[in-house]
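For the sequence shown, the UniProt record's numbering begins at 1 and goes up steadily by one.
Please read the structure below before turning to the comments.
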Amino acid sequence: MKRNETALTTVHNPSNIIGQKGLKEIGQVTSGERGILVTACCFVNTTGNSVAPFLIVPRVHFKDRIITGALPGTAVGAKKTGCVNSEVFMDILKHLHGFVKSTPESPILLIIDNHQSHISISSLEFCESNGIMLLSLPPHTSGKLQPLDKTVYKSFKSNFNIACNDWMDMNPGKTITIYEISGLLGIAYPKSFMPTNIINGFRSTGIWPLNRNIFSDEDFLSSSVTDRPLENALPLEELPQLLAQRSPVPSTSRQSLIHRTPEHSPRHSPPPDRRKLDKRTEKKRSQILTDTPIKDQIIEETKLSKAKSVKRNVLKGKKKQILSKRIKEDTSESEEESMSIADSDAIVEAFSNVELDPDLDKLGIGEYVLIKEGRTKEHDIMSVGKILTKNELEISVQYIRRLFQSFKFVETQEEYLFETSKVLAKLPKPKPSGGKARRSEML
């Protein structure tokens, strides 16, 4: 079996239009400028048969109307991103197993690409228990080793665009949404996933019949761009000296001055070794993921990465806690300053009967006074306190803080000393603000 996915969009690519010669403007209607992607996972085998596709729609919850008009047996999974991840891949494997009915005694070989979403502990355990052998392809080889990409998906996209054009002609003024994608896919799928196309796809990739020499040297030329530096490559600094030593050649001569292959050209020298630039990137290769040694290695790497992520999240959580604690401390200090730096008008509004310039000899213990602590550039700094002790020079008061966005006061346990000259007014004794237990301290 071979599995691969492709993207279907609600904004299709219109096909070629035939128009009268000489016309400069010929248009075709499409749904919009930007569409919504729906991922379709398809399965084929070497005999030319296929399994009903599995669609992944960018939705949080599944609705029945999404599957309207789809092929019999088509399954739909709702995911917010609309892409394949480890959870969706488990649903895809269950969907496939429902058709092939594989067992450990009668296993199947499933060829997949080397994406990280296909490598998870749950998927490997499911495949091992249900007789599915996972074979991953080398990275960056889908264009050469994927039978669906070679012979099926091109005609499938063409037939899908034709179906979208027909739908737009039959429904003028409407646009294609994700609720029409499954029906349009049901029209294009049988026309493209024909046994001839599928068998030719496996034959062109050399998978079946097995052909190790299906690819020639020309197919590997693109890898020369990322080859390692050659030891005998000519440095760029030696080029002027070599040009100065050459003999003059007539302009009509076709003789090459320097015979050098493209690999030895100083202007096209290969890039440096990528392994030295990024040590975290490991070279991947084709391997059987359900094989015991490889499976055990994947499980250990997964557990290690999870442990690192948990540790990273714990450190982030601790940093956030420390930062939030600092912010709370800073805000509490600023609130206390804003409460103590309340202007005299707001405090006088809270107490209507205020005796200015009181007689200090008549002030007793337990009475409330208005104290001027200092002055800023804009206003005076005043506080309200309850007298605890006093003498001729100093008084000891207990602060009463003004609550944020209100004119109610709460007695605190702080005790401060002030000069008697700082007392500006005698305030009436406040009354309790409420009868509930949690507001018993509020005045």
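Ideal Cβ placement from N, Cα and C applies to all residues, glycine included.
These numbers were taken from a predicted model, which means no experiment stands behind them.
Same chain, Cβ closer than 6 angstroms to residue i, five either side skipped, listed in chain order
i	result
residue 446	Only positions 1 to 443 of the chain appear in the structure, and residue 446 is not among them; the question remains open.
V60	K80
G77	I56, V88, D91
I111	K2, L135
P138	R285, S286
N4	Q146, L148
I17	I26, Q28
E128	T290
F202	T46, P147, W208
H95	F54, A75
T302	I121
Reference residue i, options the options, closest by Cα
i	options	result
T74	L289, I36, F43, K390	F43
I198	K377, V11, Y399, T47	T47
Q28	N165, G364, T205, S129	N165
I381	H140, D296, E394, V423	V423
D361	T420, K306, L370, K372	T420
P209	I181, G69, N45	N45
N85	S309, I121, L427, K431	I121
P195	P147, H97, G186	P147
V38	G82, F54, S383	G82
P53	K377, L184, I387, D169	L184
H97	H115, S123, V225	S123
K63	R212, Y179, S223	Y179
P107	K431, D296, T290	T290
G385	V11, G374, S142, E367	E367
residue 445	E33, G22, I26	Nothing in the structure corresponds to residue 445, since the chain is present only between 1 and 443.
I176	N13, I119, E394, G206	N13
F99	P72, E105, D113, S117	P72
T30	K372, Q297, W167, L417	W167
I365	I387, S305, T376	I387
T141	S222, K191, D169, S117	S222
E415	E373, K306, D219, S396	S396
P430	E373, G22, I400	I400
For residue i, the three-state DSSP class (helix, strand or coil)
i	result
D359	coil
E105	coil
F43	strand
S155	helix
C23	According to the sequence displayed, residue 23 carries Leu and not Cys. Correct three-state label for L23: coil.
K144	helix
P212	Per the sequence shown, the amino acid found at residue 212 is Arg instead of Pro. Note: R212 maps to coil in three-state DSSP.
E33	coil
Q287	strand
I381	strand
I132	strand
G98	helix
K431	coil
P195	helix
V76	strand
G186	helix
H12	coil
H61	coil
I341	For I341, the predicted structure reports a pLDDT of 43, less than 50, and the residue's modelled location is therefore unreliable. The matter cannot be settled from this model.
L124	helix
A307	helix
Q28	coil
Own chain residues within Cβ distance below 7 angstroms of residue i, not counting five before or after
i	result
F126	M90, L93
I294	Q287, I288
S15	N161, I162, N165
A188	F156, N159, F160, A163
G69	S182, G183, G186
L370	I347, M382, V384, L424, A425, L427
I66	V57, V76, I178, Y179, S182
Those residues which DSSP pairs with residue i across a bridge
i	result
E5	C41
residue 523	Outside the displayed range of the chain (1 to 443) lies residue 523, so it cannot be described from this structure.
S86	In DSSP, S86 forms no bridge with anything.
Q398	K386, E415
I111	K2, L135
V369	G385, K426
F160	Beta-bridge pairing links F160 to no other residue.
S50	V44
I56	T39, G77
G374	I381
8 angstroms Cβ shell around residue i - same chain, five flanking residues per side excluded
i	result
F193	C42, V44, S50, V152, F156
S102	I108, N130, G131, I132
R280	Since pLDDT at R280 reaches only 48, below the 50 mark, its modelled position is unreliable, and no value is offered.
F215	K144, G206
R375	I381
I298	I119, I121, L124, L289
T6	T39, A40, C42, L148, Y153, F156, K157
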